[in-house]
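In order, the protein sequences belong to chains A and B. In terms of this note's numbering, the first sequence opens at residue -1 and continues consecutively. In terms of this note's numbering, the second sequence opens at residue -1 and continues consecutively. Here a beta-carbon is modelled for each residue, glycine too, at the ideal position from N, C-alpha and C. If you're wondering where the values come from, they're calculated on a predicted model, not measured in any experiment. The structure under discussion appears below in the form of structure tokens.
2 protein chains.
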Amino acid sequence: MVIREYVRALVAGCDPGTAAPSERELVERFGVARMTVRQALDALVGEGVLERFPGRGTFVAHPRPRRTGVVGFSEEMARRGVAVTSRTVVADRIPAPPGVARALEMQVDQPVVRWRRMRATDGYATCVADVFLPDALVPGFLEADQPVSLYADLEARGLRPTRAEDALVAVTADAAESSLLEVPIGSALLQHSRRALCGTVPVELSRTVYRADRHTFRLHLYD
Amino acid sequence: MVIREYVRALVAGCDPGTAAPSERELVERFGVARMTVRQALDALVGEGVLERFPGRGTFVAHPRPRRTGVVGFSEEMARRGVAVTSRTVVADRIPAPPGVARALEMQVDQPVVRWRRMRATDGYATCVADVFLPDALVPGFLEADQPVSLYADLEARGLRPTRAEDALVAVTADAAESSLLEVPIGSALLQHSRRALCGTVPVELSRTVYRADRHTFRLHLYD
DNA sequence: TAGTGGTCTAGACCACTAT
DNA sequence: TAGTGGTCTAGACCACTAG
């Protein structure tokens, strides 16, 4: 589709609300029937690039409200304009325990990277995150400096998660968590467990506990 | 669109894979141009009712693999094969408080239905759900028996939620919650807040607190 | 080879918006 | 009133599938 790509390029970088060429104008410019132009524009409307208003015209679309998507904590906080810092508590390589092996679809005792971080938002201790990664998928992970954003690191390795199975439940702080999060033992925490896959390959198993007063898990669902 | 509804009715209840009338057959039957038929079928394909295969024909679509979707508690439990019962604690009509009015995009003091339920899974007290509904959208709601599944009731009214803004956080049980859920005051609970819309119309504002030992919120995310 | 959906032409009339 | 997108006609040729 030449017309579609022509309009896409024409419109790329334009501010939302900028008028696109009218259908009849494109008919003239390309010497093609109007139905053909409409199909090209239909595709761009479907992609969310353009918006049509009957009687007014076709315009560069305003950005879509939201996506659910699979995002990590750093990314979500960046969206909200919150600064995230991390302190590594544990970073080593261990034989996969049975539960971890099953979730990551590996053999028991194959090596996995284990990584525990205390994470702070705007300087305040907010959560403790435990992550397991199949060692074979992230060569050199422990040998280099650990990233602030795990998902950015995975993306650089071509392993950006595209699917996640999440579970959220309330728990109470154990001794280690209470110490890291600076709350009394037994305090209510939000636990977020995730099994993340890139395509059909499991890449991450994690469990994060959040201080109830410092984090709310937000979510947009669509049908 | 007469043709669209004709084909929809023709095809309703047919097994997936059943052949639909061909485009040229519909052209003849309705005496319209083929483009017109195509647009009718396009709509049904977009809805997931039909599937097209070039060179073979048009068929009743196979059910889509999975959706995240906007589902209610009863529906989610039904999926998991768990029996849900409800006991209404409060069901009345009140002037919308400011926060509720804002979330439901109503004028302050317009009437809203307020509904508090204690809900049990397989006979065990599991959560307390507080719901606000714009009274104008659910006429007769309080006058009839309240449904077990709110979402089934909304669906019957043509108000099935298609979008939800959810927030999950850990909280501690207050006196009323501890009594209804049979846990000590201060116990950790999972709080799930939701603002649900049907299209662009807000239809539900709710806050549900779950016993930590009896409910995990599960979620599948896709890119 | 006959039938299917995919794409295209060269017009037409309509309801709507902005001036 | 001029211009826009929405819808429609009555054909046409193509690539593909199935018998």
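Contacts that residue i makes with chain B (C-beta to C-beta distance below 9 Å)
i: A/G67; result: L219, Y220 and D221
i: A/A41; result: Neighbours of A/A41 on chain B: none; closest Cβ ~13 Å, over 9 Å.
Exposed unless 16 or more other CB atoms sit within 10 angstroms - verdict on residue i
i: B/R64; result: Note on B/R64: pLDDT 47, under 50, position unreliable in the model; no value is reported.
i: A/C125; result: buried
i: A/D120; result: exposed
i: B/G44; result: exposed
i: B/V181; result: buried
i: B/R112; result: buried
i: B/S177; result: exposed
i: B/L8; result: exposed
i: A/A142; result: exposed
i: B/G15; result: exposed
i: A/T86; result: exposed
i: B/P33; result: It should be pointed out that residue 33 of chain B corresponds to Met in this sequence rather than to Pro. B/M33 should be labelled exposed.
i: B/D13; result: exposed
i: B/V35; result: buried
Residue i and residue j closer than 9 Å at C-beta
i: B/R114; j: B/D128; result: yes
i: B/F51; j: B/A18; result: no
i: B/A41; j: B/R2; result: yes
i: B/V169; j: B/Q144; result: no
i: A/A118; j: A/S84; result: yes
i: B/L152; j: A/L217; result: no
i: A/D164; j: B/L219; result: yes
Reference residue i, options the options, closest by Cα
i: B/L135; options: B/Q144, B/V110, B/A165 and B/Y122; result: B/V110
i: A/T198; options: A/R158, A/A174 and A/R36; result: A/R158
i: B/V82; options: B/E202, B/E73, B/L48 and B/A7; result: B/E73
i: B/A174; options: B/G184, B/H190 and B/A168; result: B/G184
i: A/R209; options: A/L179, A/L219 and A/L203; result: A/L179
i: B/G70; options: B/G138, B/E103, B/R212 and B/E202; result: B/E202
i: B/P96; options: B/D90, B/A89 and B/M104; result: B/M104
i: A/L39; options: A/G11, A/T160, A/P61 and A/E21; result: A/E21
i: B/A101; options: B/A118, B/R192 and B/R85; result: B/R192
i: A/D270; options: B/S204, B/R161, B/H190 and B/D172; result: There is simply no residue 270 of chain A to check, as chain A begins at -1 and stops at 221 in what is shown.
i: A/A10; options: A/A171, A/C196, A/E26 and A/G46; result: A/G46
i: B/R155; options: B/C196, B/R91 and B/E49; result: B/C196
i: B/H213; options: B/D172, B/V106, B/M75 and B/G138; result: B/M75
i: A/E49; options: A/R6, A/S204 and A/V146; result: A/R6
i: B/G55; options: B/P61, B/R77 and B/E23; result: B/E23
i: B/I92; options: B/A150, B/T206, B/V207 and B/D107; result: B/D107
i: A/A171; options: A/T206, A/F130 and A/R78; result: A/T206
i: B/F130; options: B/P61, B/V80, B/D164 and B/P200; result: B/P200
i: A/M116; options: A/V146, A/G138 and A/P137; result: A/V146
heavy atom of the ligand SAH below 8 Å from residue i C-beta
i: B/C125; result: For the ligand SAH, the structure offers nothing, since it holds no ligand at all.
Neighbour list for residue i in chain A, Cβ cutoff strictly below 9 Å
i: B/A165; result: T214, F215, R216 and L217
Under 8 Å from the C-beta of residue i: neighbouring residues of chain B
i: A/T160; result: Y220 and D221
Under 7 Å by beta carbon: chain A residues contacting residue i
i: B/T170; result: A186
i: B/A210; result: V167, A168 and V169
Anticipated Cβ contact below 8 Å, residue i with residue j, distance rounded
i: B/F215; j: B/L166; result: 6 Å
i: B/A186; j: A/A186; result: 4 Å
i: B/A194; j: B/V68; result: 6 Å
i: A/A94; j: A/L140; result: Actually they are not in contact, since the Cβ atoms of A/A94 and A/L140 sit about 15 Å apart, beyond 8 Å.
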